[in-house]
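What follows is a short report on a single structure.
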Amino acid sequence: MEPSCTARYIDHVGIVVKDLDAAMRLFQELFNVPTAEPQEIPDQKVRAVLLPIGQSRLELLEPLDPDSSVGRFLENRGEGLHHLAFNVENVGESLNELGRNGVRLVDLAPRDGLSGLIGFIHPAAVHGVLTELVQSVEE
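So in this note's numbering, the last one in the sequence shown is 712, and the numbering has no gaps at all.
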């Protein structure tokens with residue numbers, strides 16, 4: 574298969590947690606990770622924060638609704654690794670090219686997310702890993 578998009582770097586790693594504030598304190602205490610202001614993302618039904626760690630970030634996700642995708646993830650799998658996000662130049666072009674190459678997608682078009690424009694690739698297409706593509710806001 575020809576490359577469908579070019580990953581520039583790992584943008585962030587997403588972790589589902591039961592208590593966002595407690596998780597932020599833990600990462601601060603264990604790894605001296607700077608804190609940041611959590612935000613609610615109504616369409617995803619989560620409260621989330623991006624904690625900077627060098628060029629990458631750690632995204633902590635607390636479900637606001639047990640029936641949301643993140644809420645169901647927490648119920649079925651417990652706290653832990655949720656997704657891996659790659660920074661790309663253009664999410665829309667990347668999703669289109671992946672789709673043309675037959676890659677199973679969650680999102681057919683970019684949408685707004687905490688990290689900027691985002692789009693998800695289905696875990697079945699990437700060895701069981703939910704994969705997010707991110708186009709940074711400042712680009």
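Ideal Cβ placement from N, Cα and C applies to all residues, glycine included.
Which term fits Leu-687, buried or exposed, when burial requires 16 or more other beta carbons within 10 angstroms of its beta carbon? Counting Cβ neighbours within 10 Å, Leu-687 comes out buried, since at least 16 surround it.
If Thr-704 and His-655 are in contact, beta carbons under 8 angstroms, what's the gap, nearest whole angstrom? That pair is no contact at about 11 angstroms.
Please list the terminal residues of the continuous alpha helix (DSSP H) segment that includes Asn-669. Its alpha helix (DSSP H) spans residues 664 to 673.
Could you tell me which residues DSSP pairs with Ala-713 in its beta bridges? Nothing about residue 713 can be reported from this structure: the residues present for the chain run from 574 to 712 only.
Ala-658: buried (16+ other C-beta within 10 angstroms of its C-beta) or exposed? Classified as buried, Ala-658 has 16 or more neighbouring CB atoms from the shown chains inside 10 Å of its CB.
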